[in-house]
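Have a look at the structure below, then the notes.
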Amino acid sequence: MRTDPIHKLLQDQGCVFQERHGWERPGWFHPEGPAPVLDYDYYGAYGLSKNADYKYNDLLGKEYTFSFPPHHHVIKQECLTCRNAVAVFDMSYFGKFYLVGPDSKKAADWLFSADVNKTLGSTVYTCMLNKRGGAESDLTVSRIEPGSSHSPLAPEFEGDGYYLAIGGGVAQQNWCHIQTVLQNEGLRCQLLDHSDDMGMISIQGPKSRDLLKEVLDADLSNESFPFSTHKLVKAAGHQVRAMRLSFVGELGWELHVPRDSCVPVYQAVMAAGAKYGVCNAGYRAIDSLSIEKGYRHWHADLRPDDTPLEAGLAFTCKLKSSIPFLGREALEAQRKQGLRRRLVCFTVAEKVPMFGLEAVFRNGEPVGHVRRSDFGFAIDKTIAYGYIRNPDGGVVSPDFVRSGEFTLERMGVVYEATAHLKSPFDPENKRVRGIY
1 MRTDPIHKLL
11 QDQGCVFQER
21 HGWERPGWFH
31 PEGPAPVLDY
41 DYYGAYGLSK
51 NADYKYNDLL
61 GKEYTFSFPP
71 HHHVIKQECL
81 TCRNAVAVFD
91 MSYFGKFYLV
101 GPDSKKAADW
111 LFSADVNKTL
121 GSTVYTCMLN
131 KRGGAESDLT
141 VSRIEPGSSH
151 SPLAPEFEGD
161 GYYLAIGGGV
171 AQQNWCHIQT
181 VLQNEGLRCQ
191 LLDHSDDMGM
201 ISIQGPKSRD
211 LLKEVLDADL
221 SNESFPFSTH
231 KLVKAAGHQV
241 RAMRLSFVGE
251 LGWELHVPRD
261 SCVPVYQAVM
271 AAGAKYGVCN
281 AGYRAIDSLS
291 IEKGYRHWHA
301 DLRPDDTPLE
311 AGLAFTCKLK
321 SSIPFLGREA
331 LEAQRKQGLR
341 RRLVCFTVAE
351 KVPMFGLEAV
361 FRNGEPVGHV
371 RRSDFGFAID
381 KTIAYGYIRN
391 PDGGVVSPDF
401 VRSGEFTLER
411 MGVVYEATAH
421 LKSPFDPENK
431 RVRGIY
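Counting along the sequence shown from 1, when you hit position 4 you're at 4 in UniProt numbering, and nothing is skipped either side.
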């Protein structure tokens, strides 16, 4: 139902897509070239003949396995190219909203768990919470200046303005949450949806700066363009909003691009990246790279019944300030009582696929289940994240995690697992700062 401007370019390069909220987003890239998506045949009903020789459907069908899929090596290549050189991700399905209006600063203070009222040009990773302290969303919020044109990159407004970038699968849920809070609080704000008006191209990896130096008319040094900042710049002659962010744990930038400029900007990026070994990569690679780095996925690692404290995201909460925000009282009460459950990273040395919902045991006792799992190609291990509880009902402290012996049970087979309180990959966050 919804496709972005470079959909056809990617399909011609062998892209196999995933559906999210009506969008087709890249899943992975078939190395043998295009597998056309044929018109829906309704399984031969309504007088239609069933599609024959449907290569695309055959590729999808082979994914349904309890083993590693046949294209496991393809995902590996995309991941390792990102870790060692540079990869390009089409993330155009993201929700792209603007929060503006007379009460926008008041709304931002109340809606977002982090302090997003930094200097203009800042971008902040934050959560939005419900009154129980549960995570309704995680997203990035950028403070922007008013625009003087009708460009979707810089709308006109008075006062404070914020640009929200949100995973497309939950964009509608975020929209509804924000609108409900604005109405409940009587805040005079507008929420503008420009999701269809812009694409989003993410360039990630050790060579991303070298590549983008040839495309952007901007100084990309750490001093001029630090992590978690954004600027309006020209990319191959087209105005874009460049953000220095990463959802894969590498040096990288996101380019937020007006719809009509997406094709030439993408083509310029790929042309400049040829000598750096650039590749297209999809969301199967992002799933692997992000879990390896310990980045959370809303709907899996984070849900409305999980708090940021339990999820290891206390840094997204402005609890050290006096600024009130939705869910603050619940978080303060939880912090005072101590955590009764905690999200923990597990690695399994044996190369076995896991999918989520596997049982977690500590010293032989069941203490939780896996929320999300994937294979980490840089560390060459299966990685799983799950919330664990203390069987005695007590606090789940770091010492409780460190002192236990853990196993994960997959389809009746038990595997030894190592628990980690920090990401097993680049725990010091050097790579996103360009330190290799």
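All C-beta atoms in this analysis are idealised placements derived from N, C-alpha and C, irrespective of residue type, glycine included.
All values derive from a computational prediction rather than experimental measurement.
Per DSSP, what are the beta-bridge partners of residue 253 in this structure?
For the purposes of this step, residue 253 is taken as the residue at position 253 of the sequence shown. According to DSSP, residue 253 bridges with 203.
With 8 angstroms as the threshold, decide whether the Cβ of residue 94 is near any Cβ in chain B.
The chain labelled as chain B is not found in the depicted structure, where only one protein chain is given.
Hey, residue 307 and residue 134 are a contact pair by Cβ (cut 8 angstroms); roughly how many whole angstroms apart?
Taking the sequence shown and counting its residues from 1, one reaches residue 307 at position 307. Taking the sequence shown and counting its residues from 1, one reaches residue 134 at position 134. At roughly 6 angstroms, the Cβ-Cβ gap stays under 8 angstroms, so residue 307 and residue 134 are in contact.
CB residue 85 to CB residue 205, shorter than 8 angstroms?
If you number the sequence shown from 1, residue 85 lands on position 85. If you number the sequence shown from 1, residue 205 lands on position 205. Result yes, Cβ atoms of residue 85 and residue 205 sit closer than 8 angstroms.
Figure out for me which residue from 369, 210, 249, 264 has the closest Cα to the Cα of residue 234.
As a first step, residue 234 is located in the sequence shown; it is residue number 234 there, counting from the start. Here the closest residue by C-alpha is 264.
Run the CB neighbour count on residue 355, radius 10 Å, all protein chains shown included, and call it buried at 16 or more, exposed below.
Mapped onto the sequence shown, residue 355 falls at position 355. Flag for residue 355 reads exposed.
Does the beta-carbon distance from residue 289 to residue 252 come in below 8 angstroms?
Walking along the sequence shown from the start, residue 289 turns up at place 289. Walking along the sequence shown from the start, residue 252 turns up at place 252. Their beta carbons are not under 8 angstroms apart, which means residue 289 does not touch residue 252 by this criterion.
With a threshold of 16 other CB atoms inside 10 Å of the CB of residue 392, please say whether the residue is buried or exposed.
Position 392 of the sequence shown, counting from 1, holds the residue named residue 392. The residue in question, residue 392, is exposed, as its Cβ has fewer than 16 Cβ neighbours within 10 Å.
Could you name the residues of the same chain whose beta carbon sits closer than 8 angstroms to that of residue 430, not counting the 5 residues immediately before and after it, in chain order?
The residue given as residue 430 occupies position 430 in the sequence shown. Correct list, in chain order: 436.
Which one of 325, 327, 330, 215 has the shortest CA to CA distance from residue 274?
By one-based count along the sequence shown, residue 274 stands at place 274. Considering only alpha carbons, the answer is 215.
In three-state DSSP terms, what is residue 291?
The residue you call residue 291 lines up with position 291 of the sequence shown. Helix, per DSSP.
Can you look up residue 93 in the DSSP assignment and give me helix, strand or coil?
As a working mapping, residue 93 is identified with position 93 in the sequence shown. Of the three classes helix, strand and coil, the one that applies to residue 93 here is coil, per DSSP.
For residue 447, which three-state DSSP category applies?
Look at the range of the chain in this structure, 1 to 436, and you will see that residue 447 is not part of it.
Can you tell me whether residue 40 is buried or exposed, with buried defined as 16 or more other CB within 10 angstroms of its CB?
The residue labelled residue 40 in the question sits at position 40 within the sequence shown. Exposed.
Are the CB atoms of residue 327 and residue 395 nearer to each other than 8 angstroms?
Along the sequence shown, one-based indexing puts residue 327 at 327. Along the sequence shown, one-based indexing puts residue 395 at 395. Result no, Cβ atoms of residue 327 and residue 395 do not sit closer than 8 angstroms.
I'd like to confirm the pairing. Which residues does DSSP put opposite residue 243 in its beta bridges?
Along the sequence shown, read from residue 1 onward, the residue named residue 243 stands at position 243. Paired residue(s): 230, 254.
For the region 322 to 336 against the region 355 to 373, do three or more pairs of beta-carbon atoms, one drawn from each stretch, fall closer than 8 angstroms, so that the two count as touching?
In short, these stretches do not touch, since the Cβ pair count stays below three.
For the region 65 to 83 against the region 178 to 196, are there 3 or more C-beta pairs whose distance is under 8 angstroms?
These segments do not touch.
Where do the ends of the beta strand (DSSP E) carrying residue 420 lie?
By one-based count along the sequence shown, residue 420 stands at place 420. Here the beta strand (DSSP E) through residue 420 covers 413 to 420.
Which residues does DSSP pair with residue 15 in a beta bridge?
As a first step, residue 15 is located in the sequence shown; it is residue number 15 there, counting from the start. Per DSSP, 29.
Suppose contacts are defined by Cβ-Cβ distances below 8 angstroms. Is residue 143 in contact with residue 93 by that definition?
Counted from its first residue, the sequence shown places residue 143 at position 143. Counted from its first residue, the sequence shown places residue 93 at position 93. Taking 8 angstroms as the Cβ cut-off, residue 143 and residue 93 do not qualify as a contacting pair.
Output yes or no for whether 8 angstroms exceeds the beta carbon distance between residue 244 and residue 228.
The count along the sequence shown starts at 1 and reaches residue 244 at position 244. The count along the sequence shown starts at 1 and reaches residue 228 at position 228. Yes, the Cβ-Cβ distance between residue 244 and residue 228 is below 8 angstroms.
Distance check for residue 66 and residue 410, CA to CA, integer angstroms please.
Residue 410 sits at position 410 when you count from the first residue of the sequence shown. Residue 66 sits at position 66 when you count from the first residue of the sequence shown. Those two C-alpha atoms are separated by around 10 angstroms.
Which runs of the beta strand (DSSP E) at least 3 residues long sit entirely within the region 349 to 411? Give them in chain order.
Segments of the beta strand (DSSP E) lying fully in the region 349 to 411: 359 to 362, 365 to 376, 381 to 389, 406 to 410.
List the whole-angstrom C-beta distance separating residue 198 from residue 152, where the pair is believed to meet the contact cut-off of C-beta under 8 angstroms.
On the sequence shown, position 198 is the one that residue 198 refers to. On the sequence shown, position 152 is the one that residue 152 refers to. So it is a contact: roughly 5 angstroms between Cβ atoms.
I believe residue 28 touches residue 37 by the beta-carbon criterion, under 8 angstroms. Please report the beta-carbon distance rounded to the nearest angstrom.
Stepping through the sequence shown from its first residue, residue 28 is reached at position 28. Stepping through the sequence shown from its first residue, residue 37 is reached at position 37. Actually they are not in contact, since the Cβ atoms of residue 28 and residue 37 sit about 15 angstroms apart, beyond 8 angstroms.
Look at the alpha carbon of residue 158 and the alpha carbon of residue 184, and state the distance between them as a whole number of angstroms.
Taking the first residue of the sequence shown as position 1, residue 158 is located at position 158. Taking the first residue of the sequence shown as position 1, residue 184 is located at position 184. C-alpha separation (whole angstroms): 23 angstroms.
For residue 341 and residue 56, what's the separation of their Cα atoms in angstroms?
Residue mapping note: residue 341 aligns to position 341 of the sequence shown, counting from 1. Residue mapping note: residue 56 aligns to position 56 of the sequence shown, counting from 1. Answer to the nearest angstrom: the Cα atoms are 43 angstroms apart.
Kindly indicate which three-state DSSP category residue 6 falls into: helix, strand or coil?
Residue numbering aside, residue 6 sits at position 6 when the sequence shown is read from its first letter. Correct three-state label for residue 6: coil.
With DSSP as the reference, identify every bridge partner of residue 20, one or two as the case may be.
Stepping through the sequence shown from its first residue, residue 20 is reached at position 20. Answer is 23, bridged to residue 20.
Please list the terminal residues of the continuous alpha helix (DSSP H) segment that includes residue 128.
The count along the sequence shown starts at 1 and reaches residue 128 at position 128. Run containing residue 128: none in the alpha helix (DSSP H); it sits in the beta strand (DSSP E), 123 to 129.
Please name the residue in 268, 194, 181 whose C-alpha comes closest to that of residue 217.
On the sequence shown, residue 217 is found 217 positions in, with the first residue counted as 1. Minimum Cα distance to residue 217 is reached at 268.
What did DSSP end up calling residue 238 once you bin it into helix, strand or coil?
Residue 238 sits at position 238 when you count from the first residue of the sequence shown. Strand at residue 238.
Can you name the start and end residues of the beta strand (DSSP E) that residue 189 belongs to?
Here residue 189 is taken as the residue at index 189 of the sequence shown, counted from 1. Taken as a continuous stretch (DSSP letters only), residue 189 belongs to no beta strand (DSSP E), as it is neither H nor E.
Can you tell me whether residue 421 is buried or exposed, with buried defined as 16 or more other CB within 10 angstroms of its CB?
As a first step, residue 421 must be located in the sequence shown, where it is residue number 421. With fewer than 16 other Cβ atoms within 10 Å, it is exposed.
Please name the residue, chosen from 242, 223, 1, 48, that lies closest to residue 232 on a Cα-to-Cα basis.
Along the sequence shown, one-based indexing puts residue 232 at 232. Residue 232 has its Cα closest to that of 242, out of 242, 223, 1, 48.
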